[in-house]
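The opening position of the sequence shown corresponds to residue -10 in our numbering, with each subsequent residue numbered one higher. Here the structure is laid out as structure tokens; the discussion comes afterwards.
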Amino acid sequence: MAITNGLDPKQLPKHVGIIMDGNGRWAKKRGLPRVAGHKEGAKTVKMIVRTSGELGIQVLSLYAFSTENWQRPQEEVRYLMGLLTEYLISELDELMAEDVKIKAIGDLNALPGRVLKILENAMEKTAYNKGLTLNLALSYGGRDELIRSTRKIALEIKSTNLTCEEINEALIRAYLDTKDQPDPDLIIRTSGEMRLSNFLLFQGAYAELWFTNTLWPDFTKDEYLKALLEYSKRTRRFGKA
Ligand code: FPP
């Protein structure tokens, strides 16, 4: 595809993480119920997924539902689960055509059975796609991910020849939800909040952070390209001189 906005494809992040924040405020500003903001936010999701695929980004991780989000009113939780399943059903053909591979990160056992079934179907159907990997962070928390992986490692030690001394960074990575994926190079958060909120804590250790006041439903392709352009100009030292 045509290079947009002066972006050098070689300087693009391999993995982009996005904390999609501000749906509730978007709705409130318009006197609408919070869920109207989520509905509008789902449109931004479609645009960002398409754009990321077109640009040749390898992995896009979207923070769609955190472990903490279960504490929201039941009606909002139900609506978000509905939006997710609607997305996975209605967009599946397009995601196939765009060669997108759907993955999920998070405590998937906590999801309602119907949602899990639809998610598994989408993951299965797109498993051999070779374009963008779309990580949907669902019932995801970085701390929870570390707890789940620590438990799995402990079980391995108990039941196999694995020893404590063999625990190293590579081994821990192999037990994370993002196994075999590059770390996020860039994490974007919308809506003016400047924190990670439990997103990709281990993997994001050296991620470049980019913040905007724009609320997620208002986030545009142009602004996404701007974030990528700014990222491409940053110097990354990974703690070295
Ligand atoms: C944060 O905004 C957003 C969420 C908790 C949910 C994100 C969900 C979507 C963008 C739509 C569905 C997703 C997919 C993958 C189809 P907030 O509600 O915390 O906003 P606020 O901080 O303004 O209240």
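Glycine included, C-beta positions come from ideal geometry on N, C-alpha and C.
Query                                                                                                                                                        : Result
I want to check one thing, is the minimum distance from the CB of S55 to the heavy atoms of the ligand FPP below 8 Å?                                        : yes
I need the boundaries of the alpha helix (DSSP H) containing R178, first residue and last residue.                                                           : Careful: R178 lies outside any alpha helix (DSSP H), inside the beta strand (DSSP E) at L175 to R178.
Three-state secondary structure (DSSP) at A53?                                                                                                               : strand
Could you pull out every residue in the same chain whose Cβ sits closer than 7 Å to the Cβ of T40, ignoring the five residues on either side in sequence?    : K210 and Y213
Measuring only from the beta carbon, is T40 closer than 8 Å to any heavy atom that is part of the ligand FPP?                                                : no
Pull the bridge partners of H27 from the DSSP assignment, please.                                                                                            : Note: H27 sits in no beta bridge, so no partner.
Could you check what DSSP says for Y195 in three-state terms: helix, strand or coil?                                                                         : coil
Pick helix, strand or coil for S186, following the three-state DSSP scheme.                                                                                  : coil
With distances taken from CA atoms, which of S128, A16, I142 and I78 is nearest E231?                                                                        : Residue coverage of the chain in this structure runs from -10 to 230, which leaves residue 231 outside it and unanswerable.
So the candidates are V34, L100 and I91; which of them puts its Cα closest to the Cα of L121?                                                                : I91
Quick check on the DSSP output: what are the complete alpha helix (DSSP H) runs of length 4 or more inside the segment 102 to 162, in order along the chain? : 102 to 115 and 131 to 148
Within 8 Å, do at least three Cβ pairs link the segment 53 to 73 to the segment 24 to 42?                                                                    : yes
Give the DSSP-derived three-state secondary structure of K3 in the structure shown.                                                                          : coil
How should Q192 be labelled, buried or exposed, when 16 other C-beta atoms within 10 angstroms of its C-beta is the threshold for buried?                    : buried
Which residue wins for smallest C-alpha separation from T139, given the options R184, A126, G30 and I161?                                                    : I161
Does DSSP put A93 in a helix, in a strand, or in coil?                                                                                                       : strand
Hey, I8 and I142 are a contact pair by Cβ (cut 8 Å); roughly how many whole angstroms apart?                                                                 : Not a contact, Cβ separation roughly 28 Å.
If you run the structure through DSSP and keep just helix, strand and coil, what is I46?                                                                     : coil
Quick check on the contact list: which residues have their beta carbon closer than 5 Å to a heavy atom of the ligand ATP?                                    : The ligand ATP is absent from the structure shown, which contains only the ligand FPP.
How many Å lie between L135 and T149 at the Cα?                                                                                                              : 21 Å
Under 6 Å Cβ to Cβ from Y68, same chain only, skipping five residues before and after it: list those, please.                                                : V24
Please classify Y220 as buried or exposed, where buried requires at least 16 other C-beta atoms within 10 Å of its C-beta.                                   : buried
If E197 and R223 are in contact, beta carbons under 8 Å, what's the gap, nearest whole angstrom?                                                             : 5 Å
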